[in-house]
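First up is the structure itself, then whatever we jot down about it.
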Amino acid sequence: MPLLTKLDIKPETVESIYTLYRKRMLLVNRKYQRKLVWTVEEKEKFIDSLQQSLPIPLILTAITKYKESSVYEIIDGMQRLNAIVSFIENEIHLNGKYFNLETFALTKKLKDGGKVNQKIPKLTIDECLKITSYQVPFSITTYQNEKEIEEIFRRINSYGKTLSSHELRQAGSLSSFNRIVRKIAENIRKDVSPSDRILLGNMRNISLNNKGLQYGISLKDIFWYSHNILTENNIRASRDEELIAHLVLATLLNNKINISSTSLDRAYGLSDEERDNIDTYSLIKEKGGEEFIVNQFEAIFTEIKKVIAADKLNFKQLIFKKESKYINYAFQIIFLVFQDLLVKQELKISNYRSLNSGLSGIGDSLITPNIDDLRHQAGRQRCINSIIGVIRTYFVKREETDPVLSNGVMKLETLLAAAKAENTSYDFKQGIFQMDKSTKNIISKIIETLSAFVNQGKNSVGYVVIGIADNQQIADNHQKFYNSLPIKKENFHVVGIDDEAKANNISIDNYMLKLKDHIKAQDIQPDYYKSQILQNIDLFTYNDKSIIILKITSKDDPIKINGQFFHRQANSTEKVPQTSERHLWQLFLG
Numbered sequence: 058m059p060l061l062t063k064l065d066i067k068p069e070t071v072e073s074i075y076t077l078y079r080k081r082m083l084l085v086n087r088k089y090q091r092k093l094v095w096t097v098e099e100k101e102k103f104i105d106s107l108q109q110s111l112p113i114p115l116i117l118t119a120i121t122k123y124k125e126s127s128v129y130e131i132i133d134g135m136q137r138l139n140a141i142v143s144f145i146e147n148e149i150h151l152n153g154k155y156f157n158l159e160t161f162a163l164t165k166k167l168k169d170g171g172k173v174n175q176k177i178p179k180l181t182i183d184e185c186l187k188i189t190s191y192q193v194p195f196s197i198t199t200y201q202n203e204k205e206i207e208e209i210f211r212r213i214n215s216y217g218k219t220l221s222s223h224e225l226r227q228a229g230s231l232s233s234f235n236r237i238v239r240k241i242a243e244n245i246r247k248d249v250s251p252s253d254r255i256l257l258g259n260m261r262n263i264s265l266n267n268k269g270l271q272y273g274i275s276l277k278d279i280f281w282y283s284h285n286i287l288t289e290n291n292i293r294a295s296r297d298e299e300l301i302a303h304l305v306l307a308t309l310l311n312n313k314i315n316i317s318s319t320s321l322d323r324a325y326g327l328s329d330e331e332r333d334n335i336d337t338y339s340l341i342k343e344k345g346g347e348e349f350i351v352n353q354f355e356a357i358f359t360e361i362k363k364v365i366a367a368d369k370l371n372f373k374q375l376i377f378k379k380e381s382k383y384i385n386y387a388f389q390i391i392f393l394v395f396q397d398l399l400v401k402q403e404l405k406i407s408n409y410r411s412l413n414s415g416l417s418g419i420g421d422s423l424i425t426p427n428i429d430d431l432r433h434q435a436g437r438q439r440c441i442n443s444i445i446g447v448i449r450t451y452f453v454k455r456e457e458t459d460p461v462l463s464n465g466v467m468k469l470e471t472l473l474a475a476a477k478a479e480n481t482s483y484d485f486k487q488g489i490f491q492m493d494k495s496t497k498n499i500i501s502k503i504i505e506t507l508s509a510f511v512n513q514g515k516n517s518v519g520y521v522v523i524g525i526a527d528n529q530q531i532a533d534n535h536q537k538f539y540n541s542l543p544i545k546k547e548n549f550h551v552v553g554i555d556d557e558a559k560a561n562n563i564s565i566d567n568y569m570l571k572l573k574d575h576i577k578a579q580d581i582q583p584d585y586y587k588s589q590i591l592q593n594i595d596l597f598t599y600n601d602k603s604i605i606i607l608k609i610t611s612k613d614d615p616i617k618i619n620g621q622f623f624h625r626q627a628n629s630t631e632k633v634p635q636t637s638e639r640h641l642w643q644l645f646l647g
């Protein structure tokens, strides 16, 4: 079967490409696209090539559908397209001068409307026109299914050295192992998005910032960097995903594998000999499935973070008192130690501060002297056993039988980070009780919002988080009404439900019961959506504040609440006019 059904190559001016961007017609699929990684210098060098009319590589796109609209999915050229946008929107300059927003009608309109700010000094209009009239080689293809696009991406990036070795492993891989590694990595970096398909304009919200580009995620906030485990260049080259892949593979194989590139190639099905590849699909199934493995990994990771946080030192400073270059290996060893104690032995930490003291300098005494053996399974296991012998006293038997520990911290932080990228699948409520006239009938509004998430079409997912104020005014009102200080996280304020439960003289359990009883009383059609909502209510604690998350996933039918359809309009939930109900059904029948 041919990969491409049709391929058209035609030039597009820089101006027309920017127009496509502004019309929300440039789409990124994160299954195979890497992050925005170009530095300011790389972007400016590319713009200089346009200014000098030098040839540039082909931009490869595919026609697809996104939220009912035809868009161009970027197969190759995301960094170049983003450089064009950055230049036109005055984020970067050319030889010290910025794009003149008076150059064409669209940018002038954006400037006059205050949506893009003009920086100075600026280029002349003629200088800008030379760049915006540049004919970019732009190809458009159609394809039979998504697997074909992923194969094209893999082939393109296998020809050169544009991607790191691990990015090439991940590129185009559809395996369960790949999905697990990528999901964990995104959750830790906090560059999560509600779906794999995201508009180019939203990519900056979940990409690493760098000198001169202050959008997206601050490098200093990423765990791997702030704890001196990986460098900036390591993270940009996806070495964090490589580290995670090693740990997931070790977990799947009970630590009976060497740490090597060959082992990872086998896990990704890339061995030269097919028989040498590891059947990760069967291993994942045996270990409980993708979601279970992700949850277990993140639970262990969270416990490690709690231990580190018990003192002011970061991971490197805690584990090594002498200078060391083995921080990456040390983290892998410590993770596997915790995995053994928390999961295999079903223990729990008795005192985080004491355990922190017990780990102090352990890298100097037990990891550095054995560093040559750590790549090999036998040597690594000896090191793990030695560390367990030292810190076992800080663990006690856990009464719970489920090896996946409660992990609300990472769950909530992942949701808040995803909402930054695209907020059409998320809604936040400070609670379910009325503080003022603007906060009445909250539970009914929550159910209507969940139904609106479903009515976005087949396979759509939505979350409502209770215990979060999504703007400063609501946070201030909550603080004043309940005399309780919120926790600032991302652009949100964690207020919890405890204060309003106490103010209304009910326990958290009765709070949950009130919420569930209201849901049960509603006329929700089809009825299976009611069962799904009730089964997907998650209560957990975040920094001593109780939070509730409700999740819903659309199936084969739209959902009607008390005889009325609802849909999302921007960030609002509104009734669907009767004249639009036919269109709503088409989203599920098409």
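Position one of the sequence shown corresponds to residue 58 (the working numbering), numbered consecutively onward.
Even glycine gets a Cβ: it sits at the ideal position worked out from N, Cα and C.
Assigned exposure category for residue i - 16 Cβ within 10 Å defines buried
i	result
S295	buried
T458	A caution first: T458 carries a pLDDT of 48, below 50, which makes its placement in the model too unreliable to give a value.
T62	At T62 the pLDDT is 48, less than 50, meaning the model places this residue with poor confidence; the figure from the coordinates comes in the next sentence. Answer is exposed; the Cβ neighbour count stays below 16.
P68	exposed
E72	buried
T630	buried
I605	buried
S110	exposed
D556	buried
H640	exposed
K468	buried
P114	exposed
S564	exposed
Q530	exposed
Q513	buried
P59	With a pLDDT of 41 at P59, under the threshold of 50, the modelled position of that residue is not reliable, and the figure given next carries that caveat. It is exposed - the Cβ of P59 has fewer than 16 other Cβ atoms within 10 Å.
N540	exposed
I66	exposed
G217	Unreliable placement is indicated for G217, whose pLDDT of 46 sits below 50; no coordinate value is reported for it.
Y75	buried
Test item: CB-CB of residue i and residue j under 8 Å
i	j	result
Q192	L151	no
I376	G415	no
G519	K602	no
I316	R432	yes
V351	K247	no
R455	L404	yes
I365	F354	no
L256	L84	yes
N413	D368	yes
V511	S611	yes
E347	R236	yes
F39	I104	This structure cannot settle anything about residue 39, because the visible part of the chain is limited to 58 through 647.
K168	Y155	no
For residue i, the first and last residue of its enclosing beta strand (DSSP E)
i	result
Y599	I594 to Y599
K166	Element bounds for K166: not the beta strand (DSSP E) but the alpha helix (DSSP H), A162 to D169.
Y123	I116 to Y123
V193	Q192 to T199
Y129	S126 to D133
F485	Y483 to K486
K546	I544 to K546
Closest by C-alpha distance to residue i, when choosing among the options
i	options	result
Y483	T319, I504 and W95	I504
G418	E380, K405, D430 and Q396	E380
N312	R437, I365 and K165	R437
I141	E101, Q175 and T337	E101
G620	Q582, F597 and L644	Q582
Any non-hydrogen atom of the ligand SAH closer than 7 Å to residue i Cβ
i	result
Q434	This structure lacks the ligand SAH, and indeed carries no ligand of any kind.
Alpha helix (DSSP H) segment containing residue i, residue limits
i	result
F510	I499 to V511
Q626	First-last for Q626: Q621 to Q626, but that is the beta strand (DSSP E), not the alpha helix (DSSP H).
K187	I182 to T189
G258	L257 to M260
K537	Q529 to Y539
F156	Unbroken run through F156: none, as it is neither H nor E.
H640	E638 to L646
Y78	V71 to R79
L607	Taken as a continuous stretch (DSSP letters only), L607 belongs to no alpha helix (DSSP H), being part of the beta strand (DSSP E) at K602 to T610.
S283	F280 to S283
I554	Looking at the DSSP string, I554 is not in any alpha helix (DSSP H), and its letter there is neither H nor E.
Y520	No alpha helix (DSSP H) contains Y520, which is instead part of the beta strand (DSSP E) from V518 to I523.
Which runs of the beta strand (DSSP E) fall wholly inside the segment 81-106 and span at least 3 residues, in chain order? 83-86
Which parts of the segment 305-381 are runs of the beta strand (DSSP E), unbroken and 3 residues or longer, counting only runs that do not cross its ends? none
Could you name each continuous beta strand (DSSP E) segment of 3 residues or more that falls completely within the segment 397-458, going from the start of the chain to the end? 404-406 and 452-454
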